[in-house]
Amino acid sequence: MKNQLVVASLAFSAMVLGTRYAHGQETAPTTANINLADVISIDAGSVAKDGEVNFYYNTAEDYQTTQIITIANSLIVTSAKEFDIKVRSGGKDFENGENTIPVKVLTITAKGGSMEGNKESIKIGQSDKKLVRKAPYGSKLTLDLDYEIDGKDASKDILGKPSGTYTQTVTYTASAS
């Protein structure tokens, strides 16, 4: 009986020790890291990047009528945080040589697209003005813009100017809220 007990103990020990080494496995834990950076970018596919908006005043009616040009996907933004969109002009006037038209004739309205947040309608100027406030983070968020010159402003500030193309740069900036 003593022999049976010894044999049973040895068999059990062999079974326990044997299974531990019988698998021939060893673990090697690895740590996987995800490193995040705060990112805000205006996508190269944005129509506003190197784009153009053209208003035409060819008839008397054009000077009396409000002109609105809607540009879909004007801005496409990816941001890791809540953000604002600001807009400003590169100067106080649209220029054609020495001839000028004040930039205040141009109103830009944020509307449409997948971008959320508080969307505004603003008359542009040389200082940054918030066009969209507190837009939530997201990837490839689109914003449609209306560019508008009111008929009253056209009659008052544009009519009577020498013919030609008057130009001014409009700059959009996406920044953390």
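The sequence shown lines up with residues -24 to -1, 1 to 153 when you count with mature numbering (1 follows the signal peptide of the UniProt record, and there is no 0).
All residues carry an ideal CB built from backbone N, CA and C; glycine is no exception.
Since we're looking at a predicted model, the values are computed, not measured.
Where the alpha helix (DSSP H) containing residue i begins and where it ends
{"i": "Glu124", "result": "From DSSP, Glu124 is part of no alpha helix (DSSP H) but of the beta strand (DSSP E) over Gly114 to Ile125."}
{"i": "residue 224", "result": "The structure shown has nothing for residue 224, since the chain only spans -24 to 153."}
Helix, strand or coil at residue i according to DSSP, with G and I counted as helix
{"i": "Ser22", "result": "coil"}
{"i": "Ala152", "result": "strand"}
{"i": "Val108", "result": "strand"}
{"i": "Ile10", "result": "coil"}
{"i": "Ser90", "result": "coil"}
{"i": "Lys137", "result": "coil"}
{"i": "residue 162", "result": "Not covered by the structure: residue 162. The range shown for the chain is -24 to 153."}
{"i": "Ser103", "result": "coil"}
{"i": "Val79", "result": "helix"}
When the options are compared against residue i, the one with the closest alpha-carbon
{"i": "Gln102", "options": "Asn72, Gln144, Gly67 and Asp60", "result": "Gly67"}
{"i": "Asn11", "options": "Ile18, Pro112, Gly27 and Ala56", "result": "Ala56"}
{"i": "Glu28", "options": "Pro5, Ser50 and Asp14", "result": "Ser50"}
{"i": "Leu107", "options": "Tyr113, Asp120, Gly21 and Ser115", "result": "Asp120"}
{"i": "Ser131", "options": "Asn9, Glu2, Ile16 and Ile77", "result": "Ile77"}
{"i": "Ala24", "options": "Lys95, Lys105, Gly140 and Ile84", "result": "Ile84"}
{"i": "Asp69", "options": "Asp26, Thr143 and Thr147", "result": "Thr143"}
{"i": "Ile52", "options": "Gly114, Asn72, Ser153 and Gly140", "result": "Gly114"}
{"i": "Asn30", "options": "Ser153, Thr141 and Tyr148", "result": "Thr141"}
{"i": "Val63", "options": "Thr3, Lys95 and Ala8", "result": "Lys95"}
Limits of the unbroken beta strand (DSSP E) element including residue i
{"i": "Glu74", "result": "Neither: Glu74 is in no beta strand (DSSP E) and is coded neither H nor E."}
{"i": "Asp60", "result": "Phe59 to Ser65"}
{"i": "Ile44", "result": "Gln43 to Ser55"}
{"i": "Ile98", "result": "Ser97 to Lys99"}
Euclidean distance between Cα positions of residue i and residue j
{"i": "Leu135", "j": "Tyr39", "result": "7 angstroms"}
{"i": "Glu92", "j": "Ala111", "result": "5 angstroms"}
{"i": "Thr145", "j": "Ser65", "result": "6 angstroms"}
{"i": "Ala150", "j": "Lys80", "result": "22 angstroms"}
{"i": "Thr118", "j": "Thr6", "result": "39 angstroms"}
{"i": "Lys137", "j": "Tyr32", "result": "13 angstroms"}
{"i": "Ala20", "j": "Ile47", "result": "16 angstroms"}
{"i": "Ile98", "j": "Val15", "result": "26 angstroms"}
{"i": "Asp60", "j": "Lys116", "result": "15 angstroms"}
{"i": "Lys128", "j": "Asn75", "result": "20 angstroms"}
{"i": "Ala86", "j": "Thr3", "result": "56 angstroms"}
{"i": "Asp133", "j": "Ala13", "result": "46 angstroms"}
Spell out a yes or no on whether the stretch 116 to 133 and the stretch 38 to 52 are touching, meaning 3 or more CB-CB pairs, one atom from each, closer than 8 angstroms. yes
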